[in-house]
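The structure appears below as structure tokens.
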């Protein structure tokens with residue numbers, strides 16, 4: 001006989017107790033070797049009876065009730081695709097009455113009665129007036145094939161061999177001597193039926209001490225010939241051990257038997273319930289009857305299967321007729337270009353015989369991960385006619401639930417309960433009959449959703465199927481999560497190169513004439529950081545508004561808010577989900593919120609870096625965490641989301657992420673707060689102008705200068721005079737002596753601020769011992785003042801008689817430029833008391849002058865020679 005597969009088994013025989021399974025096993029004609037069954041958690045026995053291929057399923061030991069039974073059968077249905085019906089066979093409590101002389105060892109078989117299909121769930125319903133309990137909901141009835149043969153057996157019982165069950169029981173006992181002690185019929189005098197009002201008198205296991213006067217008077221009957229009763233079986237999660245409650249429910253609904261599992265099966269798999277009676281649902285103990293009752297129920301089941309013809313399926317034909325499923329909600333992108341290296345690597349990983357079963361695509365939001373996954377899915381569809389592909393968006397719990405329900409429906413798993421759909425899909429795809437498949441989880445970014453179980457639902461990772469023929473692909477912005485879902489099998493999506501970015505822009509723009517100017521196009525792509533989503537978004541705006549690339553660049557570079565508005569503009573993209581907004585800014589907002597939930601320190605670092613220069617950020621500039629590991633974890637999350645990257649020990653922030661973060665802080669009302677926090681940190685760590693600190697201040701200067709230009713800093717500059725002094729001293733120490741000449745270029749030669757700056761520079765040179773240079777510069781300053789104000793102007797005459805000339809010039813203009821508080825060199829020379837005594841309006845004006853167009857700041861934007869002959873990097 002050819003080896004059997006899971007597809008060959010058509011009858012499910014379900015047992016709650018080991019003794020029930022033992023009784024079932026001795027009724028089989030043959031015992032089969034277990035076929036391979038994948039990752040199904042159930043325990044099974046396999047065999048054959050009258051040509052029926054039967055799988056006996058066990059319930060978990062000690063875990064009884066409708067829920068446990070439903071879970072077992074749900075997994076069973078997925079593992080054995082050709083099951084035709086179920087048989088719930090075992091022991092139960094009988095309800096004797098005048099109309100139904102039910103004795104211990106008899107068998108009760110579920111049969112439709114009135115509005116019920118054979119089984120009623122007695123503990124699920126509502127209490128109605130008069131203290132009655134009304135069950136709600138209708139359970140399915142057994143399949144027609146079973147009901148037909150039920151009638152046949154009932155007719156035979158009336159007219160034919162009434163000892164058929166006894167003969168099967170005796171044969172089983174004779175052929176299996178090891179079960180005789182446990183399964184033989186007890187003495188008839190131990191079948192005690194007491195009055196409903198009389199309860200068990202002793203805590204012992206038997207009724208020897210019970211009052212026999214309380215026994216119900218019944219006609220003698222040979223208990224070695226079990227009777228078969230057909231009617232309604234009550235099922236629930238409670239053990240009924242109250243004879244008065246038993247009678248009340250029985251009279252209300254016409255119940256013949258109570259048990260604990262059937263209600264969980266009827267709507268999962270068409271099932272017939274067969275129960276051997278081992279007690280009377282009262283407080284009296286009748287455990288010695290359990291083995292025999294289980295055997296009589298198993299004997300009736302065999303009698304039924306002997307009356308039914310077997311139905312076989314050929315495993316090979318099932319395999320050959322497997323249907324390939326295609327469930328990808330997004331269309332193929334006809335404009336897709338690039339990423340060939342990444343796609344080729346993914347194809348190779350999935351094609352490997354013993355390759356990884358899970359792979360993740362990781363990268364910055366908007367970098368093109370979904371587009372790579374879509375292209376891969378369509379290539380697999382075109383190349384492998386046997387591989388099913390299922391696509392699941394992971395943008396919310398509700399969308400995931402709906403995706404699983406859609407997959408279950410496609411797989412033919414009908415009437416699946418939403419609470420169990422993920423488990424059922426997992427079991428099906430883990431089985432051999434599912435064939436080859438690829439599951440794509442797009443936007444798997446939420447760590448809590450994937451890894452944290454709660455009372456409402458298990459972690460999503462626990463619902464992932466496992467099969468030698470199946471593969472799972474994740475797309476995620478979160479590299480740390482990628483490492484947990486697909487350890488060491490991550491394909492990173494890097495920034496686009498210029499050539500591919502040009503191709504994306506060319507395909508996105510309808511008017512090819514817009515790309516005639518390659519220099520302009522290259523400038524646009526550089527400002528968009530070669531981000532595919534930003535390129536697509538910009539192209540949509542250009543086409544919709546009928547503008548050219550230069551116009552868009554002008555808007556993008558005009559002001560930071562203009563860039564934010566452009567990157568926040570919604571647009572249509574067939575390759576993205578309709579229910580989700582597409583703009584770059586909106587896309588990253590999701591990531592910002594996820595980072596906040598995962599690690600507040602990471603969100604704080606991101607906010608900190610948004611207030612300074614985004615390039616070459618020294619780690620030593622950042623606020624310290626409690627431990628070094630906490631610092632590394634926080635920075636690691638920013639790297640995991642591709643918001644930052646490392647160059648040596650420095651950190652770089654993605655240009656567009658920098659703009660988006662600043663916008664996020666402003667929208668959240670946190671911008672002022674963070675400017676203050678960064679200014680406080682900067683004032684504390686920025687070094688003095690001692691030459692031993694030169695390397696450090698050159699690292700910090702670009703970030704300090706970016707900070708002090710912020711309007712929010714200028715409003716609070718009085719709190720950070722020390723920081724301003726340090727900046728000025730370090731610029732001065734670096735030899736940036738041309739600030740006055742720069743001011744001259746910006747403001748004009750005759751502007752009072754220009755003259756003041758020249759005078760202050762002369763004073764600085766004098767203090768350094770450069771007397772000749774100082775005198776020459778002061779002479780030029782006097783000549784300019786004379787030319788502009790006239791030789792007889794009091795200021796000119798006064799300055800010509802002052803000694804020393806330079807010092808007098810500086811004093812002459814002290815009121816005009818209270819700015820010497822603004823001019824960095826003068827601030828460094830003046831006393832703290834003098835600065836505080838200035839009027840508020842003068843102090844504000846001076847600071848704005850320094851922070852806006854002060855020569856030191858302007859000069860810092862140019863390449864200035866250093867004493868070592870090197871040039872300082874230009875500061876943006």
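In the UniProt record's numbering, the protein residues as written are 1 to 876. Backbone N, C-alpha and C fix where the C-beta goes; we use that ideal spot for every residue, glycine too.
**OP:** Could you pull the start and end residues of the beta strand (DSSP E) that residue 109 belongs to?
**Re:** Judged by DSSP secondary structure, residue 109 falls within the beta strand (DSSP E) whose first and last residues are 107-110.
Original post:
Which runs of the alpha helix (DSSP H) fall wholly inside the region 146-220 and span at least 4 residues, in chain order?
Top reply: Correct list: 164-175, 180-183.
Original post:
So the alpha helix (DSSP H) residue 663 belongs to, where does it begin and stop?
Top reply: Boundaries of the alpha helix (DSSP H) harbouring residue 663: 655-667, taken from the DSSP string.
Original post:
Should residue 309 go down as buried or exposed, given a rule of 16 or more other Cβ atoms within 10 Å for buried?
Top reply: Under the 10 Å beta carbon count, residue 309 is surrounded by fewer than 16 other beta carbons and is classified as exposed.
Original post:
Whose C-beta lies closer than 7 Å to the C-beta of residue 119 among residues of the same chain, with five residues either side of it excluded?
Top reply: The answer, listed in chain order, is 110, 139, 233, 235, 262, 263, 266, 273.
**OP:** Could you say which of 469, 430, 96, 546 lies nearest to residue 356 if we only look at CA atoms?
**Re:** Nearest C-alpha to residue 356: 469.
Subject >> Rounded separation between residue 34 and residue 216 - CA only >> reply: Their Cα atoms are separated by approximately 49 Å.
**OP:** Going by CA-CA distance only, name the one from 448, 490, 436, 344 that's closest to residue 395.
**Re:** Put simply, of 448, 490, 436, 344 the residue whose alpha carbon is nearest the alpha carbon of residue 395 is 448.
Subject >> Bounding residues of the beta strand (DSSP E) (the contiguous stretch that carries residue 88) >> reply: Looking at the DSSP string, the run of the beta strand (DSSP E) that includes residue 88 is 85-94.
Original post:
So, residue 168 versus residue 302, is the Cβ gap smaller than 7 Å?
Top reply: In terms of Cβ geometry, residue 168 and residue 302 form a close pair [threshold 7 Å].
**OP:** Can you grab the Cα-Cα spacing for the pair residue 541 / residue 706, in whole Å?
**Re:** One C-alpha to the other measures close to 31 Å.
**OP:** Return yes when the C-beta of residue 215 is under 6 Å from any heavy atom of the ligand NAP, and no when it is not.
**Re:** Among the components of this structure there are no ligands whatsoever, and the ligand NAP is therefore not found.
**OP:** Could you tell me if residue 31 is buried or exposed, where buried requires 16 or more neighbouring beta carbons within 10 angstroms of its beta carbon?
**Re:** In the assembly as shown, residue 31 is an exposed residue. Its beta-carbon has fewer than 16 other beta-carbons within 10 Å.
**OP:** Output the distance between the C-alpha atoms of residue 661 and residue 654, rounded to the nearest integer angstrom.
**Re:** About 10 Å.
Subject >> alpha helix (DSSP H) segment containing residue 18, residue limits >> reply: Counting along the chain, the alpha helix (DSSP H) containing residue 18 begins and ends at 18-26.
**OP:** Would you grab the beta carbon distance between residue 154 and residue 230 for me? Rounded to a whole angstrom, and I think it's under 8 Å.
**Re:** Right, their Cβ atoms sit about 6 Å apart.
Original post:
Who are the Cβ neighbours of residue 807 in its own chain at under 6 Å, not counting the five residues just before and after it?
Top reply: For residue 807, the predicted model reports a pLDDT of 45, less than 50, meaning its position is unreliable and no value from the coordinates is stated.
Original post:
Excluding sequence positions up to five away, which residues of its chain have a Cβ less than 6 Å from the Cβ of residue 530?
Top reply: Sequence-distant partners of residue 530 (beyond 5 residues in either direction) whose C-beta falls short of 6 Å from its own C-beta, in its chain, are 495, 496, 501.
Original post:
In the DSSP assignment, what residue or residues form a beta bridge with residue 391?
Top reply: Answer is 440.
Original post:
Just how far apart, CA to CA, sit residue 67 and residue 659?
Top reply: Across the structure, residue 67 and residue 659 are spaced so that their CA atoms are roughly 53 Å apart.
Subject >> Straight-line Cα distance separating residue 83 from residue 53 >> reply: Their Cα atoms are separated by approximately 10 Å.
Original post:
From what residue to what residue does the alpha helix (DSSP H) around residue 703 run?
Top reply: Run containing residue 703: 694-708, per the alpha helix (DSSP H) assignment.
Original post:
For the region 592-602 against the region 451-460, are there 3 or more C-beta pairs whose distance is under 8 Å?
Top reply: At 8 Å Cβ cutoff, the stretches do not touch.
Original post:
Is it right to say residue 398 is buried, meaning 16 or more other beta carbons lie within 10 angstroms of its own, or is it exposed?
Top reply: It counts as exposed.
Original post:
Any idea what DSSP makes of residue 592, helix, strand or coil?
Top reply: It is helical.
Subject >> Limits of the alpha helix (DSSP H) - the one that residue 898 falls within >> reply: Absent from the structure is residue 898, since the part of the chain shown begins at 1 and ends at 876.
**OP:** Would you identify the three-state DSSP class for residue 608, choosing helix, strand or coil?
**Re:** The three-state secondary structure of residue 608, taken from DSSP, is helix.
**OP:** Kindly provide the ranges of any beta strand (DSSP E) runs that are 3 or more residues long and lie completely inside the region 226-292, ordered along the chain.
**Re:** 228-235, 255-259, 271-279, all fully within the region 226-292.
Original post:
Is residue 518 buried or exposed, if buried means 16 or more other CB atoms sit within 10 Å of its CB?
Top reply: If you draw a 10 Å sphere on the C-beta of residue 518, you find fewer than 16 other C-beta atoms in it, and that means exposed.
Original post:
Buried or exposed: residue 246, going by 16 or more other Cβ atoms within 10 Å of its Cβ?
Top reply: Taking a 10 Å sphere around the C-beta of residue 246, we find 16 or more other C-beta atoms and assign the residue as buried.
**OP:** Give a yes or no on whether the C-beta atoms belonging to residue 64 and residue 43 are separated by under 7 Å.
**Re:** In this structure, residue 43 does not lie closer than 7 Å to residue 64 by Cβ.
Subject >> Cβ contact (3+ pairs, closer than 8 Å) linking the region 712-720 and the region 662-670 >> reply: Counting C-beta pairs closer than 8 Å gives fewer than three between the region 712-720 and the region 662-670, which falls short of the contact rule.
Original post:
Once you ignore the five residues that flank residue 882 on each side, which residues in its own chain have a CB closer than 6 Å to its CB?
Top reply: The shown model of the chain, from 1 to 876, leaves out residue 882, and the question about it has no answer.
Original post:
Do the region 330-350 and the region 369-386 meet, that is, are 3 or more Cβ pairs less than 8 Å apart?
Top reply: Between the region 330-350 and the region 369-386, the count of C-beta pairs closer than 8 Å reaches three or more; the two stretches touch.
**OP:** Would you tell me roughly how many angstroms separate the C-alpha atoms of residue 849 and residue 728, rounded to the nearest one?
**Re:** Interpretation of residue 849 is limited by its pLDDT of 40, a score under 50 that renders its predicted location unreliable; no figure is taken from the coordinates.
**OP:** Determine the DSSP secondary structure at residue 358, reduced to helix, strand or coil.
**Re:** DSSP, read as helix, strand or coil, puts residue 358 in strand.
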